[in-house]
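For reference, the structure is listed below as structure tokens.
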Amino acid sequence: MKIFITGLLISLFLMMSVQTSKSFAPQGRDFGLGLMAGEPSGLTAKIWSHNDRAFALSLGSSYLGNIRVGVDYLWHFNAFNSKVVNMYAGPGVAIGIGESGGWWYSNKGKTWYKEDDELGFGVRGLVGINIVPRTAPLEFFVEVGLMLGIPSPIRTNFEGALGFRYYF
Numbered sequence: 000m001k002i003f004i005t006g007l008l009i010s011l012f013l014m015m016s017v018q019t020s021k022s023f024a025p026q027g028r029d030f031g032l033g034l035m036a037g038e039p040s041g042l043t044a045k046i047w048s049h050n051d052r053a054f055a056l057s058l059g060s061s062y063l064g065n066i067r068v069g070v071d072y073l074w075h076f077n078a079f080n081s082k083v084v085n086m087y088a089g090p091g092v093a094i095g096i097g098e099s100g101g102w103w104y105s106n107k108g109k110t111w112y113k114e115d116d117e118l119g120f121g122v123r124g125l126v127g128i129n130i131v132p133r134t135a136p137l138e139f140f141v142e143v144g145l146m147l148g149i150p151s152p153i154r155t156n157f158e159g160a161l162g163f164r165y166y167f
């Protein structure tokens, strides 16, 4: 029984070390910069911290505020047993600056717009699929998530975005 458990532990260790030694970054490059459309829309950057983990940064517009800055910590995993298509998931935070929750209404034929210049804060969880071509330092991605925004009043938002990054 001891031999079986020892063999099982060694096998698990070897399988885990093979999986984490794979680099999910395009052509082994650590920094990518690109564009994304959806929620949020704007610039995106990705910085790989480990072989299967990365920080994704976003700067753009969002319901959380006119300008939104976000950071996500992502774990990448090979769900499709492919060297081109992978999945990722992770938590994130975002800060919205400017109009948060503005709305339009009509008062006797006049149109008014409410603006709220306070900061908005949110936390989110997301999952995504990325496509990394073997021959180019590119990444294409689509992601969805749920944001819990904490401007006044507290609200949730379903988010989705697609985009690309070029790696340097």
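Just so we're aligned: 40 in numbering that gives the first Met the number 0 is position 41 of the sequence shown, and the numbers increase by one with no gaps anywhere. Every residue gets a Cβ at the ideal spot worked out from N, C-alpha and C, and that includes glycine.
request  = Determine the direct distance from the alpha carbon of Gly144 to that of Thr19, and round the result to whole angstroms.
outcome  = Legend: pLDDT at Thr19 = 41, less than 50; position of this residue unreliable, no value from coordinates given.
task = Can you give me the Cβ contacts of Glu158 inside the same chain, cut-off strictly under 6 Å, excluding the 5 residues immediately before and after it?
result = Glu38, Gly144 and Met146
key: N-terminal and C-terminal residue of the beta strand (DSSP E) that Arg164 is part of   = Arg154 to Tyr166
task = From the DSSP output, in three-state form, read off Pro25 for me.
result = helix
request  = Compute the Euclidean distance between the alpha carbons of Ala24 and Phe76, then round it to the nearest angstrom.
outcome  = 12 Å
key: Coil, strand or helix - Lys45 by DSSP   = strand
Proximity to Ser61 [Cα-Cα], best of Ala53, Ala93 and Asn50 = Ala93
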